[in-house]
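J.: Structure in structure tokens, see below.
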Ligand SMILES: [Fe+2]
Ligand SMILES: [Fe+2]
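In my numbering, the protein residues as written are 14 to 336.
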């Protein structure tokens with residue numbers, strides 16, 4: 014009899030088959046055998062990603078009622094709604110690894126799970142909506158474009174679909190920025206202020222520097238990650254500098270200069286102390302974000318209860334009809 018793919022029968026042979034698949038560039042699918050550590054790392058990465066999509070709705074949701082025109086309001090609502098969809102889609106993906114999304118969701122609500130540090134910064138002006146779309150979704154695209162080639166099939170396929178929407182998010186953000194940049198002196202000032210506040214936190218979105226990223230080597234070997242944090246960060250800087258120049262906005266880094274030899278834009282030192290403080294829960298809005306998610310969860314209890322009761326009633330009805 015053939016052993017089932019997840020049988021512990023001969024782990025050495027299973028592991029060799031898994032490594033061979035990785036080496037050949039094939040994708041790992043939910044029913045394939047995989048090392049426990051691979052499953053754990055994927056669950057961690059994907060759940061952090063899903064949480065980030067959901068928490069990421071909060072800073073922008075803050076401006077929906079204050080959007081300056083109907084057109085801006087419509088596109089902002091659509092964008093925030095897209096992020097909810099991304100979250101649900103990725104939670105669904107984590108379930109293919111054998112976890113329950115409610116367990117993951119509870120980890121977010123009790124503060125034990127991480128999400129992207131960027132969403133712990135406040136949104137103080139309308140220009141922040143432009144800058145978040147341009148820089149934050151822009152950074153997400155750089156990350157997610159390579160994740161679309163990650164070795165775990167369901168995650169890779171989710172990224173292909175999500176990246177298409179992220180491109181719209183980035184464009185709507187950059188359009189807001191370009192409009193403000195061509196506006197009154199007060200509008201330009203508001204935009205510059207937003208860029209000053211979000212530039213460095215956007216660079217931190219790529220995670221710690223490679224030398225301080227203990228998981229990176231293993232994740233690269235398994236092709237979960239395809240590029241290092243620093244490589245992706247550099248790619249983002251190279252893409253973004255010309256976009257800032259095109260609308261006449263200054264990026265707040267005196268060390269930013271083009272390096273002819275490497276063909277990269279060199280940039281200054283990131284404030285890692287700030288990054289680790291935000292990760293630890295001490296950013297400007299960590300408590301507010303978790304309180305908002307917990308309140309939404311509590312307020313939604315009656316909806317979940319009603320939906321469950323309705324589903325049970327329908328199931329009973331189908332049973333009676335079938336009998
Ligand atoms: Fe998203
Ligand atoms: Fe987005």
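Backbone N, C-alpha and C fix where the C-beta goes; we use that ideal spot for every residue, glycine too.
Remember, predicted model here, so these are calculated numbers, not experimental data.
#1: Are the Cβ atoms of residue 250 and residue 277 separated by less than 9 Å?
#2: Within the segment 214-295, note down every full alpha helix (DSSP H) run reaching 4 residues or more, in order along the chain.
#3: Label residue 214 either buried or exposed according to how many other C-beta atoms from any shown protein chain fall within 10 Å of its C-beta, with 16 as the threshold for buried.
#4: What do you get for residue 151, buried or exposed, if any count of 16 or more other CB atoms within 10 angstroms of its CB means buried?
#5: Distance check for residue 98 and residue 171, CA to CA, integer angstroms please.
#6: For residue 165, which residues does DSSP report across the bridge?
#7: What three-state label does DSSP hand residue 81 in the structure shown?
#8: Compute every distance between the C-beta of residue 64 and the non-hydrogen atoms of ligand 1, then say whether any falls below 8 Å.
#9: Just the C-alpha distance for residue 232 and residue 73, rounded to the nearest angstrom, thanks.
#10: Apart from the five residues on each side of it in sequence, which residues of its chain come closer than 6 Å, Cβ to Cβ, to residue 185?
#11: Using 8 Å as the cut-off, classify the Cβ of residue 69 as near or not near the heavy atoms of ligand 2, replying yes or no.
#12: Can you list every residue whose CB sits closer than 5 Å to some heavy atom of ligand 2, going in chain order?
#13: Confirm the yes/no value for this check: CB of residue 153, any heavy atom of ligand 1, distance under 8 Å.
#14: Using the beta-carbon count (16 or more within 10 Å), is residue 143 buried or exposed?
#15: What residue does the alpha helix (DSSP H) around residue 74 start on, and which one ends it?
#16: Taking the beta carbon of residue 299 as the centre, do at least 16 other beta carbons fall within 10 Å, making it buried, or is it exposed?
#17: State the Cα-Cα distance for the pair residue 17 and residue 44, rounded to the nearest angstrom.
#18: For the alpha helix (DSSP H) containing residue 315, list its first residue and its last residue.
#19: Would the segment 152-160 and the segment 114-126 be scored as touching if the rule is three or more Cβ pairs under 8 Å?
#20: Does DSSP put residue 47 in a helix, a strand or coil?
#21: Going by other Cβ atoms of all chains shown within 10 Å of its Cβ, with 16 needed for buried, is residue 66 buried or exposed?
#22: From 237, 253 and 283, pick the residue whose C-alpha is nearest to that of residue 221; which is it?
#23: Quick one: what's got a C-beta closer than 8 Å to residue 262's C-beta in the same chain, skipping five residues either side?
#24: For residue 104, which residues from the same chain have a beta carbon less than 8 Å from its beta carbon, with the 5 sequence-adjacent residues on both sides left out?
#25: Near residue 322, which residues of its chain fall below 6 Å by C-beta distance, leaving aside the five closest residues on each side in sequence?
#26: How about residue 73: is its Cβ closer than 8 Å to a heavy atom in ligand 1?
#27: Which of helix, strand or coil does DSSP assign to residue 303?
T.: In this structure, then:
#1: Indexing the chain shown from 1 puts residue 250 at position 237. Indexing the chain shown from 1 puts residue 277 at position 264. For residue 250 and residue 277, yes; Cβs fall inside 9 Å.
#2: 229-234, 242-259 and 285-290
#3: Mapped onto the chain shown, residue 214 falls at position 201. Flag for residue 214 reads buried.
#4: Numbered from 1 along the chain shown, position 138 holds the residue referred to as residue 151. Classification of residue 151: buried, given that the 10 Å Cβ count is 16 or more.
#5: Within the chain shown, residue 171 is the residue found at index 158, counting from 1. Within the chain shown, residue 98 is the residue found at index 85, counting from 1. In a straight line, the C-alpha of residue 171 is about 11 Å away from that of residue 98.
#6: Residue numbering aside, residue 165 sits at position 152 when the chain shown is read from its first letter. Secondary-structure assignment with DSSP links residue 165 through a beta bridge to 41.
#7: On the chain shown, residue 81 is found 68 positions in, with the first residue counted as 1. Coil at residue 81, not helix or strand.
#8: One-based indexing of the chain shown puts residue 64 at position 51. Every heavy atom of ligand 1 is 8 Å or more from the Cβ of residue 64, so no.
#9: As a first step, residue 232 must be located in the chain shown, where it is residue number 219. As a first step, residue 73 must be located in the chain shown, where it is residue number 60. C-alpha separation (whole angstroms): 32 Å.
#10: Start at 1 with the first residue of the chain shown, and residue 185 comes out as number 172. Counting only Cβ-Cβ distances below 6 Å, and skipping sequence neighbours, we find 88 and 146.
#11: Start at 1 with the first residue of the chain shown, and residue 69 comes out as number 56. At least one heavy atom of ligand 2 is nearer than 8 Å to the Cβ of residue 69, so yes.
#12: 150, 179 and 182
#13: On the chain shown, residue 153 is found 140 positions in, with the first residue counted as 1. Result yes, Cβ under 8 Å from ligand 1.
#14: One-based indexing of the chain shown puts residue 143 at position 130. It counts as buried.
#15: The residue labelled residue 74 in the question sits at position 61 within the chain shown. Run containing residue 74: 70-74, per the alpha helix (DSSP H) assignment.
#16: For the purposes of this step, residue 299 is taken as residue 286 along the chain shown, with counting starting at 1. Residue 299 is buried by the Cβ-count criterion.
#17: By one-based count along the chain shown, residue 17 stands at place 4. By one-based count along the chain shown, residue 44 stands at place 31. Residue placement at residue 17 cannot be trusted, given a pLDDT of 49 that sits under 50; what the coordinates show is reported in the next sentence. Distance between the alpha carbons of residue 17 and residue 44 is about 10 Å.
#18: In the chain shown, counting from the first residue as 1, residue 315 sits at position 302. Where residue 315 is concerned, the enclosing alpha helix (DSSP H) stretches over 314-335.
#19: no
#20: Residue mapping note: residue 47 aligns to position 34 of the chain shown, counting from 1. Three-state result, residue 47: coil.
#21: Against the chain shown, residue 66 aligns to sequence position 53. That one is buried.
#22: Taking the chain shown and counting its residues from 1, the one referred to as residue 221 is at position 208. Closest by alpha carbon: 283.
#23: Taking the chain shown and counting its residues from 1, the one referred to as residue 262 is at position 249. Cβ within range, chain order: 190, 194, 204, 205 and 208.
#24: As a position in the chain shown, residue 104 is number 91, starting the count at 1. Excluding sequence neighbours, residue 104 sits near 60, 63, 114, 117 and 118.
#25: As a first step, residue 322 must be located in the chain shown, where it is residue number 309. Around residue 322: no qualifying Cβ.
#26: For the purposes of this step, residue 73 is identified with residue 60 of the chain shown, where counting begins at 1. The answer is no for residue 73.
#27: The residue given as residue 303 occupies position 290 in the chain shown. Helix, per DSSP.
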